Amino acid sequence: MSKSIEDLLEVSQGVILTTIDRMGFPRNQLISLPIYRNHYYSMLFVVEEQSTLIQSLGKNCRATVCFFTTKPYQAVYVKGIITVQEELKESELNEYLRKYPKLTKLVQPMGLDFQTLTIETGQAESIDQDSSEMEDSCNRNES
Numbered sequence: 710m711s712k713s714i715e716d717l718l719e720v721s722q723g724v725i726l727t728t729i730d731r732m733g734f735p736r737n738q739l740i741s742l743p744i745y746r747n748h749y750y751s752m753l754f755v756v757e758e759q760s761t762l763i764q765s766l767g768k769n770c771r772a773t774v775c776f777f778t779t780k781p782y783q784a785v786y787v788k789g790i791i792t793v794q795e796e797l798k799e800s801e802l803n804e805y806l807r808k809y810p811k812l813t814k815l816v817q818p819m820g821l822d823f824q825t826l827t828i829e830t831g832q833a834e835s836i837d838q839d840s841s842e843m844e845d846s847c848n849r850n851e852s
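Each residue of the sequence shown is one higher than the one before, starting from 710 at the first, in my numbering.
1) Straight-line CA distance for LYS811 to SER741?
2) On the premise that ALA772 lies in contact with CYS728, defined as a C-beta separation below 8 Å, what is that separation, rounded to the nearest angstrom?
3) Please report the straight-line C-alpha distance between LEU717 and VAL774, rounded to a whole angstrom.
4) Classify SER765: buried if its beta carbon has 16 or more other beta carbons within 10 angstroms, exposed otherwise.
5) If I'm right that GLU719 touches PRO818 with Cβ under 8 Å, what's the distance once you round it to whole angstroms?
6) Going by beta carbon distance, what residues of the same chain come within less than 6 Å of SER751, once the five residues before and after it are set aside?
7) In the DSSP assignment, find the beta strand (DSSP E) that holds GLU757 and state where it starts and stops.
8) Please classify VAL755 as buried or exposed, where buried requires at least 16 other C-beta atoms within 10 Å of its C-beta.
9) From this set, LYS788, ILE714, LEU821, which residue's C-alpha is nearest GLU796's C-alpha?
Here it is in structure tokens:
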């Protein structure tokens with residue numbers, strides 16, 4: 710595995726999980742870092758059982774996980790298969806809740822097992838852009 714990929718996974722500030730719903734639309738959800746990660750080969754996440762993410766898994770078990778940092782913007786995109794873990798071990802859940810105390814608010818925590826198929830990286834010097842610059846750009850394109 711590339712050292713730069715492993716480094717980014719270690720310092721990631723967040724995770725965006727993307728699934729496809731039953732109508733074929735992408736559904737993105739910002740989730741917490743995995744409670745378990747075997748490099749990038751497999752990961753275990755905890756989410757709320759009633760989330761739209763869980764509902765979309767019934768139709769399509771393929772998903773993309775994006776680990777990212779913001780300054781500078783860097784990302785690792787991991788495509789794989791995600792399945793609901795029927796029984797989340799209490800010890801794993803307690804460890805996770807100690808690590809992320811805000812998640813004690815989860816009413817019905819559910820584990821998601823992610824198995825990697827492919828991986829790619831992305832980066833940009835800056836993703837900050839003044840909204841007026843964006844509007845000007847759109848207006849020029851409409852002319």
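Note that CB positions come from ideal geometry on N, CA and C, so glycine has one too.
Bear in mind the structure is a predicted one, so any value in this text is a computation, not a measurement.
If we stick to the structure as given:
1) 10 Å
2) Residue 728 is actually Thr in this sequence, not Cys. Their Cβ separation, rounded to whole angstroms, is 5 Å, which keeps THR728 and ALA772 in contact under 8 Å.
3) 13 Å
4) Burial call: buried.
5) About 24 Å separates the Cβ atoms of GLU719 and PRO818, ruling out a contact at the 8 Å cut-off.
6) GLN824
7) 751 to 757
8) buried
9) The candidate whose alpha carbon is nearest that of GLU796 is LEU821.
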